[in-house]
Structures are given as structure tokens and as C-alpha cells.
Amino acid sequence: MKKFILLSLIIGLGFSSCKNAFEKEISEVENLLTDVNEIEKSLLAVDTAKVFSTKRQMEKDLQEINKIKDTLTREEAFRIDELFSSKKRIFKLSEKYADFLGQIDFSKKQLMNLKQDLENGLMTKEDFAKNFSVEQTSVTELKNKIGKRVDGLDVELEKFRLFRPDIEEFIANRKSKATRIEK
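Per numbering that gives the first Met the number 0, residue 0 is the first one in the sequence shown, and the count goes up by one each step.
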């Protein structure tokens with residue numbers, strides 16, 4: 000029985016001595032990694048085919064409108080603005096999509112390296128605080144950038160789809176007006 004108690008004590012001391020001094024910090028890094036994974040999920044949930052096809056359609060429609068050399072009335076300008084209100088958001092997302100994925104991968108690598116350094120005892124608590132603060136700021140900024148482009152995007156895409164007949168009608172009216180003026 001004494002041997003069993005002694006063995007249990009030795010094993011218990013062995014496990015407690017293996018305990019990492021940076022458990023709290025490692026947990027914070029893991030939580031930030033979870034945030035990055037959630038950001039990635041929100042970005043990957045976007046129907047990119049829909050976004051890119053909508054962007055192409057908007058470009059074509061705007062080209063058609065710009066081909067007509069007649070000046071827009073104030074009401075027509077406001078109508079165009081209303082019909083293409085989601086243009087900036089859709090264009091920015093399509094331009095930045097690959098960049099966002101790259102930033103997410105970079106953040107993941109940085110956080111994994113930070114975690115590994117903590118697990119291996121290669122970092123002081125002061126160094127961790129500096130590095131973690133930088134990574135936390137980076138993740139927060141990335142979350143805000145992606146959220147600004149992704150949140151409510153489905154509504155914007157649907158809105159453009161619903162406005163599509165109005166856009167076609169507007170272009171047809173502008174063309175017929177320009178043709179009448181030329182005659």
C-alpha cells in the first residue's frame with residue numbers, strides 16, 4: 000500500500016511539474032484563434048459566385064448607362080444611386096476577398112506560433128503581453144473589415160436582383176430618349 004501511495008505521489012508531482020506556467024495565456028491565444036476561425040467561417044459563408052456575378056452585371060449595366068451621352072436629370076441620378084446603392088460594398092468585397100483570406104491565414108499562423116512559443120517556454124509574460132496585444136488588435140480590425148463587407152450582404156444581393164428589372168427599364172428608357180434626341 001505504501002508503494003501505491005508513493006507511486007501516486009510521484010505521478011501526481013510529475014503531472015503538476017509538467018503543467019505549463021502559461022496556461023492562462025495559452026487559453027487566451029486559443030480563444031483568439033477561435034475568433035479567427037469564426038471570422039473565416041463568416042467570410043467563407045458568402046456565396047462568392049453570386050457576389051462576382053452581381054459585380055459583373057453591375058459593371059455591364061453601368062457601362063450601358065455611360066454609353067448614353069445624354070445628361071441625367073436630378074431624379075434620374077437619384078434613381079441610379081438607389082438602384083446601385085450596394086455597388087461599393089459588392090465591389091470592395093470582390094476586390095478584397097482573396098486578401099481577406101490571406102490575412103486570416105496570416106493571423107492563424109501568428110497565433111499558432113505565439114501558442115507554440117508559450118508551450119515551449121520561449122517567451123516572457125511581458126513579451127507575450129506585447130505580442131498578444133498586437134495580434135488581438137489585428138484580429139479585431141480584421142473582424143470589423145470583414146463584418147463591414149459581409150454582414151447583411153445577402154440582403155444587398157437580393158435587393159439588386161429585385162431592382163434588376165428597374166435597371167433594365169431605366170436603360171431602355173435612356174436609350175429611347177437618346178434616340179429621340181438624335182433624330
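Glycine residues also receive a C-beta, built at the ideal position from the N, C-alpha and C atoms.
Task: Distance between I170 and K142 (C-alpha atoms, nearest Å) - done: 38 angstroms
- [ ] Quick one: using the 10 Å Cβ neighbour count with 16 as the cut-off for buried, is D69 buried or exposed?
- [x] exposed
Open item on the list: Restricting to Cα atoms, I'd like to know which of D60, L152, D80, G151 is closest to K174.
Closed with: Among D60, L152, D80, G151, the Cα nearest to that of K174 is on D60.
Task: Residue of A76, I145, K91, S41 minimising C-alpha distance to R55 - done: Closest by alpha carbon: K91.
Task: Environment of K66 [buried if 16+ CB atoms lie within 10 Å] - done: exposed
Task: Closest Cα partner of K87 within the set E155, F21, T33 - done: E155
- [ ] Figure out for me which residue from A177, I79, E27, L152 has the closest Cα to the Cα of S41.
- [x] For the residues A177, I79, E27, L152, the minimum Cα distance to S41 belongs to L152.
Task: Nonlocal neighbours in the same chain, by C-beta distance under 7 angstroms from V35, ignoring five residues either side - done: Scanning its chain for C-beta atoms nearer than 7 angstroms, with the 5 sequence neighbours on each side dropped, one finds around V35 the residues I103, S106, K107, L110, V138, in chain order.
TODO: Going by CA-CA distance only, name the one from I166, L32, T47 that's closest to A97.
DONE: Here the closest residue by C-alpha is T47.
Task: Between the CA atoms of M122 and K23 - distance to the nearest angstrom - done: 14 angstroms
Task: Per-residue burial, T72 [other beta carbons within 10 Å of its own, 16 or more giving buried] - done: Per the 10 Å Cβ criterion, exposed.
Task: Opening and closing residue of the alpha helix (DSSP H) in which V133 lies - done: Counting along the chain, the alpha helix (DSSP H) containing V133 begins and ends at 124-149.
Open item on the list: What does the alpha-carbon distance come out to for the pair F77 and F83?
Closed with: 10 angstroms
- [ ] If I'm right that F159 touches S85 with Cβ under 8 angstroms, what's the distance once you round it to whole angstroms?
- [x] 6 angstroms
- [ ] Buried or exposed for K185, please, with buried defined as at least 16 other CB atoms from any protein chain shown within 10 angstroms of its CB.
- [x] Outside the displayed span of the chain (0 to 182) sits residue 185, for which this structure offers no information.
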